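J.:
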Amino acid sequence: MKTILVITSLVIFSFIMFLSPFSKGRPDTKQASFDTMLQGDKEQLKLGEHLVTIAACHDCHTPKKMTDKGMEMDFSRALSGHPATLPPPDVNREEVEKKGLVVTQTLTAWVGPWGISYAANLTSDETGIGNWTEKHFFTAIRQGKHKGLETSRMLLPPMPWDMYKNMTDEELRAVFAYLKSTKPIKNVVPAPQPPVAAAERK
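Residue 1 is where the sequence shown starts when you use UniProt numbering, and the numbers rise one by one after that.
(1) Is the beta carbon of residue 63 sitting closer than 8 Å to the one on residue 83?
(2) How is the beta strand (DSSP E) around residue 111 delimited, first residue to last?
(3) In this structure, what does DSSP give as the bridge partners for residue 123?
(4) Over what stretch of residues does the alpha helix (DSSP H) that includes residue 66 continue unbroken?
(5) So if DSSP puts residue 71 in a beta bridge, which residue, or which two residues, is it bridged to?
(6) Does any residue of chain D bring its CB to less than 8 Å from the CB of residue 179?
(7) Counting pairs of Cβ atoms below 8 Å between the region 168-178 and the region 109-117, do you hit three or more?
(8) Could you give the first and the last residue of the continuous alpha helix (DSSP H) run that contains residue 129?
(9) Put residue 141 into one of helix, strand or coil per three-state DSSP.
(10) Quick check on residue 108: buried or exposed, where buried means 16 or more other Cβ atoms within 10 Å of its Cβ?
(11) Using the rule of at least 16 other Cβ atoms within 10 Å of the residue's Cβ for burial, across every protein chain shown, is residue 56 buried or exposed?
(12) Is the region 124-137 close to the region 150-159, with three or more CB pairs under 8 Å?
(13) If you draw a straight line from the alpha carbon of residue 156 to that of residue 46, how long is it in whole angstroms?
(14) Would you mind reading off the limits of the beta strand (DSSP E) that contains residue 80?
(15) Rounded to the nearest angstrom, what separates residue 178 and residue 49 at their Cα positions?
(16) So, are the CB atoms of residue 123 and residue 86 less than 8 Å apart?
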């Protein structure tokens, strides 16, 4: 009986040793799939960051600061929009609007015939686009709708959504993915103001 047990143990041991080289060489499909997914995410975020940069999103949506070289972008508040505590440009709005001029001091607040518009918070905070879905983002860019809601007002100048709407679906998804990955910055951007003439008629 002992001899049979020894022989059986040796057979099982030999079988396991025989299979080990094959199992070691066999690819871990789950790990490979996960790594591929991560790589895809990294590439999408990299594309999104590139598009946000070359599309000049920072020009309006990133607050500025004064340095010894003049006004520069404050990347510590990147893409957080017009600071809630910063007043609008100090100009004669009525004259600007009548003459059809467009005026800005910080590139985050603009005065023009449409009134005053403020650059939105695009960070992942809930005061930015933290609660947005991809559908909201597509509606905002493709249809020019505020907060990506089909029933809301149109986006105001100088937001060039009618240019950005020509991005491909892949590009828009990459931009949205990148914006959702940004540092959340709490900043409630002021509501836009209508033209002086329109406000006086109310």
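Glycine included, C-beta positions come from ideal geometry on N, C-alpha and C. All of these numbers come straight from a predicted model, not from anything done at the bench.
T.: According to the data block:
(1) Mapped onto the sequence shown, residue 63 falls at position 63. Mapped onto the sequence shown, residue 83 falls at position 83. Contact: yes.
(2) Residue numbering aside, residue 111 sits at position 111 when the sequence shown is read from its first letter. Residues 109-112.
(3) Start at 1 with the first residue of the sequence shown, and residue 123 comes out as number 123. DSSP lists no partner for residue 123.
(4) If you number the sequence shown from 1, residue 66 lands on position 66. Segment 64-67 is the beta strand (DSSP E) holding residue 66; no alpha helix (DSSP H) there.
(5) For the purposes of this step, residue 71 is identified with residue 71 of the sequence shown, where counting begins at 1. 66, per the DSSP bridge assignment.
(6) Judged by its chain identifiers, the structure shown contains no chain D, having just a single protein chain.
(7) Short answer: they don't touch.
(8) Within the sequence shown, the letter at position 129 stands for residue 129. Note, residue 129: premise wrong, no alpha helix (DSSP H); not H, not E.
(9) For the purposes of this step, residue 141 is taken as the residue at position 141 of the sequence shown. It is helical.
(10) Reading the sequence shown from its first residue, position 108 is the one you call residue 108. Result: buried.
(11) Translated into positions along the sequence shown, residue 56 becomes position 56. It is exposed - the Cβ of residue 56 has fewer than 16 other Cβ atoms within 10 Å.
(12) The region 124-137 vs the region 150-159: no contact.
(13) Within the sequence shown, the letter at position 156 stands for residue 156. Within the sequence shown, the letter at position 46 stands for residue 46. Whole-angstrom Cα-Cα distance: 28 Å.
(14) Counted from its first residue, the sequence shown places residue 80 at position 80. Per DSSP, residue 80 belongs to no beta strand (DSSP E) and is neither H nor E.
(15) Within the sequence shown, residue 178 is the residue found at index 178, counting from 1. Within the sequence shown, residue 49 is the residue found at index 49, counting from 1. Taking the straight line from one Cα to the other gives about 6 Å.
(16) Translated into the one-based positions of the sequence shown, residue 123 becomes position 123. Translated into the one-based positions of the sequence shown, residue 86 becomes position 86. Their beta carbons are not under 8 Å apart, which means residue 123 does not touch residue 86 by this criterion.
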